[in-house]
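Visitor: Pasting in a structure now, in structure tokens, and then I'll have a few things to ask.
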Amino acid sequence: MEKAHHTVLQLFVFLFLLTRFSSAARQLTESPVSSPMKFQYHKGPLLTGKFSVNLIWYGKFKPTQRAIVSDFITSLSSSSKTAQPSVVAWWAAIGEYYHLANSKKPSSLSLSLGKQVLDENYSLGKSLTSEQIVHLASKGGQSYAINVVLTAADVAVEGFCMSTCGSHGSSESSGKGKASKFAYIWVGNSETQCPGQCAWPFHQPIYGPQGPPLVAPNNDVGLDGMVINLASLLAGTATNPFGNGFFQGPKEAPLEAASACPGVYSKGAYPGYAGNLLVDTASGASYNAYGANRRKYLLPAIFDPLTSSCSTLV
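In terms of mature numbering (1 follows the signal peptide of the UniProt record, and there is no 0), the sequence shown is residues -24 to -1, 1 to 290.
Below you can see the structure in the form of structure tokens.
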């Protein structure tokens, strides 16, 4: 049974906040989250221990595209050779939630790259329902695993581009023996379907301020956009895996650890402007984190529950 199905709206939420708080743009710059709304812990479990992140590639992806995502997952593990600010430092911000959940005996979540499954022949067709996404996710590990389904640019998914850029949830294991749950994430490649909604700021938005798009750090608008959404969903999966962890707002449409900071990537961010990012002098690409294999990534701000503000790397 599929449970705790949460979505990353990215620009959808960002534009909602822009409309709702258009008279408070300066306050949005400092914290896009409405200050009276408290980030709450609903006493449910967080993901703890050592988890594998399994990647299920649905449709056609080039090896270079798969490497962008797999290197990002690898980057979440500590490496003394990685330059700062790093993907590891970004992920470390999630630790605040674990301390709040159990200050006397805080736990943690360690992620590593697991197996990769290729479904290049579109075994379920090119138009998928949410139930089919769960079916694809079940091809990954079902114990201490987060299974990530990544759909290619020519695959339509229920709700994609209309209301969501990606989602996360949990489902019961199909294996024999004691029933268990596994966490899953789905992210779509929006390069040709809706880059203005799900690949901003690497593409001009369909609404709002029309500034020039940023250059993608890995020179792939679709995949660099997928990394942004995947990062946000990983943060939500860790801290609200079953719908009763950390979130604010209604359970049906929660704002989670990263989705509570829509459109914020660096200090100085405001609606339509991602913030004062680092810029590669050779390529002109914008980024805020270094990763494995000399990668550069743009990652969303993490909501700091202690200060009730959005925390950025730069």
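Just so it is clear, CB atoms sit at the ideal spot from N, CA and C, and this is done for glycine as well.
Under the rule that 16 or more other beta-carbon atoms within 10 Å means buried, what is methionine 138, buried or exposed?
Guide: One-based indexing of the sequence shown puts residue 138 at position 162. So methionine 138 counts as exposed.
Visitor: Answer with buried or exposed for threonine 257, where buried requires no fewer than 16 other C-beta atoms within 10 angstroms of its C-beta.
Guide: Numbered from 1 along the sequence shown, position 281 holds the residue referred to as residue 257. The residue is exposed, with fewer than 16 neighbouring Cβ atoms inside 10 Å.
Visitor: With distances taken Cα to Cα, identify the nearest neighbour of alanine 175 among Phe158, Pro193, Ile161.
Guide: Within the sequence shown, numbered from 1, the residue matching residue 175 stands at position 199. Measuring from the Cα of alanine 175, the nearest candidate turns out to be Pro193.
Visitor: I'd like to confirm the pairing. Which residues does DSSP put opposite tyrosine 273 in its beta bridges?
Guide: Along the sequence shown, one-based indexing puts residue 273 at 297. BP columns for tyrosine 273 point to Ala265.
Visitor: Quick check on the burial criterion: 16 or more other C-beta atoms within 10 angstroms. Buried or exposed for alanine 1?
Guide: Taking the sequence shown and counting its residues from 1, the one referred to as residue 1 is at position 25. Residue confidence for alanine 1 is low, a pLDDT of 27 falling below 50, so the modelled location carries little weight; the figure read from the coordinates is stated next. Flag for alanine 1 reads exposed.
Visitor: Between the segment 195 to 206 and the segment 158 to 172, can you find at least three pairs of beta-carbon atoms closer than 8 Å?
Guide: Short answer: they touch.
Visitor: Could you tell me the distance, in whole angstroms, from the CA atom of lysine 227 to the CA atom of serine 285?
Guide: Within the sequence shown, numbered from 1, the residue matching residue 227 stands at position 251. Within the sequence shown, numbered from 1, the residue matching residue 285 stands at position 309. Taking the straight line from one Cα to the other gives about 21 Å.
Visitor: Restricting to Cα atoms, I'd like to know which of Gly244, Gly219, Asn269, Ser208 is closest to threonine 140.
Guide: As a working note, residue 140 is residue 164 in the sequence shown. Nearest option by C-alpha distance: Ser208.
Visitor: Would arginine 271 be called buried (16 or more neighbouring beta carbons within 10 Å of its own) or exposed?
Guide: To locate residue 271, count along the sequence shown from 1; it is residue 295. Buried, because 16 or more other Cβ atoms sit within 10 Å of the Cβ of arginine 271.
Visitor: For alanine 211, is the classification buried or exposed, using 16 other Cβ atoms within 10 angstroms of its Cβ as the cut-off for buried?
Guide: Here residue 211 refers to the residue found at position 235 of the sequence shown. So alanine 211 counts as buried.
Visitor: Pick from Val290, Phe279, Val110, Ser51: whose alpha carbon is nearest that of threonine 215?
Guide: The residue labelled residue 215 in the question sits at position 239 within the sequence shown. The residue with the shortest Cα to Cα distance from threonine 215 is Phe279.
Visitor: Please return the same chain residues whose Cβ sits closer than 6 Å to the Cβ of alanine 69, not counting the five positions on each side in sequence.
Guide: Taking the sequence shown and counting its residues from 1, the one referred to as residue 69 is at position 93. Here the set comprises Ile278, Ser287.
Visitor: What's the C-alpha gap between proline 185 and proline 177?
Guide: Start at 1 with the first residue of the sequence shown, and residue 185 comes out as number 209. Start at 1 with the first residue of the sequence shown, and residue 177 comes out as number 201. Their backbone Cα atoms lie some 11 Å apart in a straight line.
Visitor: So does cysteine 286 have its beta carbon nearer than 7 Å to some heavy atom of the ligand ATP?
Guide: Here there are no bound small molecules, and the ligand ATP is not part of this structure.
Visitor: Thinking C-alpha only, which one of Phe222, Arg42, Trp66 is nearest alanine 265?
Guide: The residue you call residue 265 lines up with position 289 of the sequence shown. Nearest of Phe222, Arg42, Trp66 to alanine 265, Cα basis: Trp66.
Visitor: Do you know how far the Cα of proline 21 is from the Cα of glycine 71?
Guide: On the sequence shown, position 95 is the one that residue 71 refers to. On the sequence shown, position 45 is the one that residue 21 refers to. Answer to the nearest angstrom: the Cα atoms are 14 Å apart.
Visitor: With cysteine 286 as the anchor, note down where its beta strand (DSSP E) starts and where it stops.
Guide: Along the sequence shown, read from residue 1 onward, the residue named residue 286 stands at position 310. That run of the beta strand (DSSP E) goes 285 to 287.
Visitor: State the Cα-Cα distance for the pair leucine 206 and threonine -18, rounded to the nearest angstrom.
Guide: One-based indexing of the sequence shown puts residue 206 at position 230. One-based indexing of the sequence shown puts residue -18 at position 7. One C-alpha to the other measures close to 11 Å.
Visitor: With DSSP collapsed to three states, give me the class of isoleucine 278.
Guide: Within the sequence shown, residue 278 is the residue found at index 302, counting from 1. Isoleucine 278: strand per DSSP, three-state reduction.
Visitor: Leaving out five residues on either side along the sequence, give the residues of the same chain with a beta carbon under 8 Å from the beta carbon of glycine 90.
Guide: On the sequence shown, position 114 is the one that residue 90 refers to. Excluding positions up to five away in sequence, the list reads Ser28, Val29, Asn30, Leu31, Gly116, Gly117, Ala121.
Visitor: What's the C-alpha gap between alanine 128 and phenylalanine 15?
Guide: The residue given as residue 128 occupies position 152 in the sequence shown. The residue given as residue 15 occupies position 39 in the sequence shown. Those two C-alpha atoms are separated by around 34 Å.
Visitor: Which value, in whole angstroms, describes the spacing of the CA atoms of lysine 243 and tyrosine 249?
Guide: Within the sequence shown, residue 243 is the residue found at index 267, counting from 1. Within the sequence shown, residue 249 is the residue found at index 273, counting from 1. Roughly 10 Å separates the two Cα atoms.
Visitor: Unbroken alpha helix (DSSP H) runs of length 4 or more, entirely within the segment 56 to 92: which are they?
Guide: Listed in chain order, they are 63 to 68, 71 to 77.
Visitor: Between which two residues does the alpha helix (DSSP H) holding leucine 210 run?
Guide: As a first step, residue 210 must be located in the sequence shown, where it is residue number 234. Here the alpha helix (DSSP H) through leucine 210 covers 197 to 215.
Visitor: Using alpha carbons as the reference points, say which of Gly187, Gly142, Asn252 lies closest to cysteine 170.
Guide: To locate residue 170, count along the sequence shown from 1; it is residue 194. The shortest Cα separation from cysteine 170 among Gly187, Gly142, Asn252 belongs to Gly142.
Visitor: Exposed or buried, aspartate 130, counting other C-beta atoms within 10 Å across all chains shown (16 or more means buried)?
Guide: In the sequence shown, residue 130 corresponds to position 154, counting from 1. Label assigned to aspartate 130: exposed.
Visitor: Closest to tryptophan 33 by C-alpha separation, out of Gln92, Lys57, Ser83, Ser53, would be which residue?
Guide: Walking along the sequence shown from the start, residue 33 turns up at place 57. Cα-wise, what sits closest to tryptophan 33 is Gln92.
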